[in-house]
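Trainee: Under the numbering used here, the first residue of the sequence shown carries the number 3, and numbering increases by one thereafter.
Can you read through this structure? Questions will come right after.
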Amino acid sequence: MTITKNTSHRIRHFLLSVLFLSAISITSTSWAQGYRILVTNDDGVESPLLAALVAELQTLGEVVISAPRTNQSGSSQASTGGNLRVERILRDGQLFGYGVFGTPTDALRYGLLVLGKDNPFDLVVSGINNGANVGKVSHMSGTVGAAMQAVYLGVPAIAVSQDTSGVDTSVTVSLAAQVVRRYQTVGAPSGVVVSINVPRGELKGVAIRPMGDAYLGVGQYESTSETDQFLDYDRTRTVDQSQNDTSDTWAYQNGYATVTPLQLDWTAYELLEQLPSWQLVLP
Numbered sequence: 003m004t005i006t007k008n009t010s011h012r013i014r015h016f017l018l019s020v021l022f023l024s025a026i027s028i029t030s031t032s033w034a035q036g037y038r039i040l041v042t043n044d045d046g047v048e049s050p051l052l053a054a055l056v057a058e059l060q061t062l063g064e065v066v067i068s069a070p071r072t073n074q075s076g077s078s079q080a081s082t083g084g085n086l087r088v089e090r091i092l093r094d095g096q097l098f099g100y101g102v103f104g105t106p107t108d109a110l111r112y113g114l115l116v117l118g119k120d121n122p123f124d125l126v127v128s129g130i131n132n133g134a135n136v137g138k139v140s141h142m143s144g145t146v147g148a149a150m151q152a153v154y155l156g157v158p159a160i161a162v163s164q165d166t167s168g169v170d171t172s173v174t175v176s177l178a179a180q181v182v183r184r185y186q187t188v189g190a191p192s193g194v195v196v197s198i199n200v201p202r203g204e205l206k207g208v209a210i211r212p213m214g215d216a217y218l219g220v221g222q223y224e225s226t227s228e229t230d231q232f233l234d235y236d237r238t239r240t241v242d243q244s245q246n247d248t249s250d251t252w253a254y255q256n257g258y259a260t261v262t263p264l265q266l267d268w269t270a271y272e273l274l275e276q277l278p279s280w281q282l283v284l285p
């Protein structure tokens, strides 16, 4: 067979393409082998939503679980501050993860400072939470709180939440995995938690929104019994509809999966500029 110059170029181009694709495959495999992900939550180490997330993340890297032993929803960044007890959680005779008798922040710290002491983690993923963490509700969330604590300790973090029912969890898992893959490719933003929330029902798309409004109202305390020593109350909660179509709460309530970047700095910068005019002095 006679090989022309054009044919030679085509063969060379084909071989280079094969080598390039092989290099990508090798690099991707290296990412999976060398990329360490710590998974936590606030619903507890036994949560099936945590297990669903872990199953997907294990295709992207080495996954280690350090989560509260029991449900700790609404813990924000609270910590017990004392000694910890940790249980090795086994499934089918194999180590599944570590259940920390404490808050999500306790579990996160144990993961990063003990399990990651000699081999640090590249990323923390907190979730999947059973319930939305959009708007001002995020401040109370143990799921978001654990992710914030990771950022406080210098490790990038993602918080993942979904509605309590009627959600295709595979969508939530896919969105989380897409963010992880991006971090593996181009690096993670410094000092930022990316918060993902997926509502129930048919989804209209993905909405990038700032934090805004609160969908859970405080409600009222209703007296149920009273003695000379104790007063007992039941607390009711209300669900409020957002009217601000620029917020993550509105987008979530209107059928969009939301993605919101959060950070530790709560400074009210506009007021910061006005404070000198208050002329506060020491007594």
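Yeah, the Cβ is synthetic: ideal placement off N, Cα and C, and Gly gets one too.
Every value quoted in this text rests on a predicted model; they were computed, and no experiment measured them.
Taking 7 Å as the threshold (C-beta atoms), are residue 218 and residue 139 in contact?
Mentor: yes
Trainee: Please confirm whether residue 2 and residue 190 have their CB atoms less than 7 Å apart.
Mentor: This structure cannot settle anything about residue 2, because the visible part of the chain is limited to 3 through 285.
Trainee: Do residue 214 and residue 246 count as a contact pair if the criterion is CB distance below 7 Å?
Mentor: yes
Trainee: What number of angstroms, rounded off, separates the C-alpha of residue 225 from the C-alpha of residue 235?
Mentor: Going by the C-alpha atoms only, they are around 4 Å apart.
Trainee: Going straight from the alpha carbon of residue 119 to that of residue 112, what length do you get?
Mentor: Rounded to whole angstroms, residue 119 to residue 112 spans 10 Å at the Cα level.
Trainee: Quick one: grab the DSSP three-state call for residue 270.
Mentor: Residue 270: coil per DSSP, three-state reduction.
Trainee: Could you tell me how far apart the beta carbons of residue 81 and residue 143 are, in whole angstroms, since I believe they sit closer than 8 Å?
Mentor: Incorrect: roughly 15 Å between the Cβ atoms, too far for contact.
Trainee: If I'm right that residue 238 touches residue 244 with Cβ under 8 Å, what's the distance once you round it to whole angstroms?
Mentor: Contact doesn't hold; Cβ gap of about 20 Å is too wide.
Trainee: Could you name the residues that DSSP lists as bridge partners for residue 42?
Mentor: 128
Trainee: From which residue to which residue does the beta strand (DSSP E) around residue 233 run?
Mentor: Annotation: the continuous beta strand (DSSP E) that includes residue 233 extends over 233–237.
Trainee: Could you tell me the alpha carbon to alpha carbon distance between residue 167 and residue 228, rounded to whole angstroms?
Mentor: 36 Å
Trainee: Per DSSP, which one or two residues make a beta bridge with residue 97?
Mentor: 92
Trainee: What does residue 259 pair with, by DSSP beta-bridge criteria?
Mentor: 208
Trainee: Buried or exposed: where does residue 94 fall if 16 or more other Cβ atoms within 10 Å of its Cβ makes it buried?
Mentor: exposed
Trainee: Name the DSSP bridge partner or partners of residue 143?
Mentor: Answer is none; residue 143 lacks a bridge partner.
Trainee: Which value, in whole angstroms, describes the spacing of the CA atoms of residue 155 and residue 280?
Mentor: When rounded, the distance between both Cα atoms is 35 Å.
Trainee: If we call anything under 7 Å between Cβ atoms a contact, is residue 199 one with residue 240?
Mentor: Contact annotation: residue 199 and residue 240 have beta-carbon atoms that are not nearer than 7 Å.
Trainee: Among residues of its own chain, excluding the 5 on either side of residue 105, which ones have a beta-carbon nearer than 7 Å to its beta-carbon?
Mentor: 70, 74, 77, 80, 81, 82, 144
Trainee: Nearest to residue 64 by alpha carbon, out of 152, 122, 242?
Mentor: 122
Trainee: Taking the beta carbon of residue 96 as the centre, do at least 16 other beta carbons fall within 10 Å, making it buried, or is it exposed?
Mentor: Exposed: under 16 other Cβ atoms inside 10 Å.
Trainee: Go through the stretch 152–214 residue by residue and report every complete run of the beta strand (DSSP E) that reaches 3 residues or more, in order.
Mentor: For the stretch 152–214, whole beta strand (DSSP E) runs of length 3 or above, ordered along the chain, are 159–164, 194–200, 207–210.
Trainee: Within the same chain, show all residues whose beta-carbon is closer than 7 Å to that of residue 1, passing over the 5 residues directly before and after it, in chain order.
Mentor: The displayed coordinates of the chain run from 3 to 285. Any statement about residue 1 would go beyond what the structure contains.
Trainee: Going by DSSP in three states, residue 102 sits in which element: helix, strand or coil?
Mentor: The three-state secondary structure of residue 102, taken from DSSP, is strand.
Trainee: Please classify residue 126 as buried or exposed, where buried requires at least 16 other C-beta atoms within 10 Å of its C-beta.
Mentor: Under this definition residue 126 is a buried residue.
Trainee: Bridge partners of residue 225, per DSSP?
Mentor: 235
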